[in-house]
Amino acid sequence: MLRFATWKIVSIVMMTVIALLLIVPSLLGPQSRAALMAHAPSFLPIRPIVLGLDLQGGSHVLLEVDGQSVVKTLIDNLRDSVRRTLREEKASISGGIGVQPRGVQLRIPDAAERERIMPKLRALTAPASAGISGVAGAPVFDVTETADGLIQFTVTEAGIKAKMRRAVEQSIEVLRRRVDALGTTEPNIQRQGDDRVLVEVPGLQDTGKLKEILGTTAKLEFRLVSDTGAVPAETEMLEEVDRPGSKLPVQKRVMVQGEDLTDAQPGFDSRTQEPVVNFRFNIRGGQRFGEVTSENVGRPFAIVLDGKVISAPRILGPITGGSGQISGHFTVESANNLAILLRAGALPAKLTIVEERTVGPGLGQDSIDAGKRAAYVGAALVAFYMLITYGIFGVFANIALFVHIAFIFAGLVLLGATLTLPGIAGIVFTIGMAVDSNVLIYERIREESHAGRSIVSSLDAGFKRAFATIVDSNVTMFVAAAILYFIGSGPVRGFAVSLALGILTTIVTAVTMTRMMITLWYRTKRPVKLPI
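Letter by letter, the sequence shown follows residues 10 to 541 of our numbering.
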């Protein structure tokens, strides 16, 4: 019991000092914190504790994935795949490719031609998903064939569900990149149900700007303008942004996809000084862009964003550098927003805002004040009880409690976790748990002392025999915290994080640190009787 290595004492003291230094930026004002960050080395984790939406205010938006647009995307992609397959196989059809609400249809009258092309068409109905076992799921489309040559592709429910699931997952990643580009800290973006996404951005009070960034699909396409006399089935009329009410005939075939963009930055045209967006393709997109511009010199090339033509410049010569420029009477702000959207990527489906609200900083300050009062009162009552009940040993427990709280906040800083109101509740809860281990140890020491054991033997037995109980209780609580974190969401996770940190630091503070202080006290005072 009394053999406490020097390196352990040094380690505990250093950990305590580091924890206190980590939470110093959170105690400073904005100006002092900025000055400290400017002069400190970049590798040091000098950052304040991030407050959640319920503490500092911000924006809350609930989005819903449009199921109809998901189905339309499925059907449009199938139509393009069928058209490409027919073109590659040089197959002749009767009446073109018809688009229906739940699929597409075409007619191949010749039986031999139909038998030749059907394996290629059936290959387009890829499985909706494959499980962990690797077994393919249900097909995305059902294919039916009649004796007169009518071939129908109908989307399946399994295909819709799989596409919806992927659309929500992709939307979360795209929205996260967009919100991060706004410079906000610790946004909360997560799935809600089967088709909804929750976005919470602490500190952002402008919901209008957030809705503009979140709600825009940002699907960028490069298409050729249709020639006079083009096949109507391969042409669609798209509205021109610069000329409201005017529409331009554009080919349905997409020559270059916006997903091949690697970068997009706002800038100014060197001739007109108007705001523009400069973009750059990846290798595949650059090669495709160069081929299209080389083969279509003199033709108008439409730049389509979310189904509207931004501009349709004429191709004056091959553009083989893999980069280009989008102009369209932008303002500086709109050019910057478009660059953010293009860098983040296009949403896989249209998102509809079903709920929005703004949490004011005043409400957040009220929550902070209430949380502080609860923490102060709880800590004061616990400290007073330990001091009255255990005397000098209660002082040691209170010191360990203070370090325990410092370790929790230092852990929040290192993890970059967000402190929410439930998180404060979790910290208050761990204050009582932290001294619970000390109570177990002290009561065991008291029992051993009353049984007639010596001081050293009582202290040693108290720590050793209570340790197993402490570990068991903390492990069960940690398992509960882990379940809350992985199954819960939002505020529940905030509570779980602070609870888990409190449980981990309890082992260091309530057992190791308390033992160290009692050892140093015994070596210094050499008491003849335990004051407990």
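By construction, the Cβ of each residue, glycine as well, lies at the ideal position given by its N, Cα and C atoms.
A quick note: this is a predicted structure, and the numbers were derived from the prediction, not measured.
With C-beta atoms as the reference, is residue i less than 8 Å away from residue j?
i	j	result
I450	A470	no
V286	V259	no
V444	M395	yes
S332	R280	no
V74	A477	no
L351	L184	no
L45	P54	no
S101	E122	yes
V206	R200	yes
H69	L60	no
N305	I324	yes
I541	F402	yes
I464	L539	yes
L223	L72	yes
G380	L430	yes
T94	L133	yes
I126	E154	no
I198	G158	no
V501	L493	yes
P479	L468	As written in the sequence, residue 479 is Ile, which differs from the Pro given in the question. No, they are not a contact pair.
Which class does residue i belong to by DSSP, given the choice of helix, strand or coil?
i	result
Q282	coil
I58	coil
G276	strand
A137	Because the pLDDT at A137 is just 47, under 50, the model does not fix this residue reliably, and the value given afterwards should be weighed accordingly. A137: coil per DSSP, three-state reduction.
L37	coil
T429	coil
N287	strand
T302	helix
P50	coil
L539	coil
T237	coil
G107	strand
K17	helix
For residue i, which residues does DSSP report across the bridge?
i	result
I197	Rather than Ile, the amino acid found at residue 197 in this sequence is Asn. Beta-bridge pairing links N197 to E209.
E243	E243 pairs with nothing; no bridge assigned.
E73	R205 and T361
N407	Paired residue(s): none; N407 is not in a bridge.
G67	P211 and V368
E230	Q266 and V313
S320	I312
P253	DSSP output for P253 lists no bridge partner at all.
E248	K256 and K317
L115	I160
Q296	The partner list for Q296 (beta bridge, DSSP) is empty, contrary to what the question assumes.
G307	Looking at the DSSP assignment, G307 forms no beta bridge with any residue, so it has no partner.
G420	None; G420 has no bridge partner.
Count Cβ pairs between the stretch 288-306 and the stretch 264-271 that sit closer than 8 Å; are there 3 or more? Contact holds: three or more Cβ-Cβ distances are below 8 Å.
How about the stretch 383-396 and the stretch 21-31: do they share at least three Cβ pairs that are nearer than 8 Å? At 8 Å Cβ cutoff, the stretches do not touch.
Per the contact definition of three or more C-beta pairs closer than 8 Å, is the stretch 356-371 in contact with the stretch 409-417? With a cut-off of 8 Å, the stretch 356-371 and the stretch 409-417 do not count as touching, because too few Cβ pairs lie within range.
Could you name each continuous alpha helix (DSSP H) segment of 4 residues or more that falls completely within the stretch 139-187, going from the start of the chain to the end? As far as the stretch 139-187 is concerned, it has no whole alpha helix (DSSP H) run of at least 4 residues.
Where in the stretch 323-360 do unbroken runs of the alpha helix (DSSP H), each at least 4 residues long, occur, reported from the N-terminal end onward? Runs found: 341-353.
Contact between the stretch 502-519 and the stretch 431-438 (3+ Cβ pairs under 8 Å): In short, these stretches touch, since the Cβ pair count reaches three.
Quick test of the definition: if touching needs 3 or more C-beta pairs under 8 Å, does the stretch 102-114 touch the stretch 246-256? Taking a contact to require three or more Cβ pairs closer than 8 Å, the stretch 102-114 and the stretch 246-256 do not qualify as touching.
Run through the stretch 454-479 for me and flag every whole alpha helix (DSSP H) of 4 or more residues, listed as ranges in chain order. If only complete runs of 4 or more residues are kept, the stretch 454-479 shows no alpha helix (DSSP H) anywhere.
Is it the case that the stretch 147-166 contacts the stretch 84-92, given that we only count it when at least three CB pairs across the two stretches are under 8 Å? The stretch 84-92 makes contact with the stretch 147-166: 3 or more CB pairs, one atom from each, lie closer than 8 Å.
Please give the ranges of any beta strand (DSSP E) in the stretch 497-536, keeping only runs that are unbroken, at least 3 residues long and fully inside the region. Within the stretch 497-536, not a single complete beta strand (DSSP E) segment reaches 3 residues in length.
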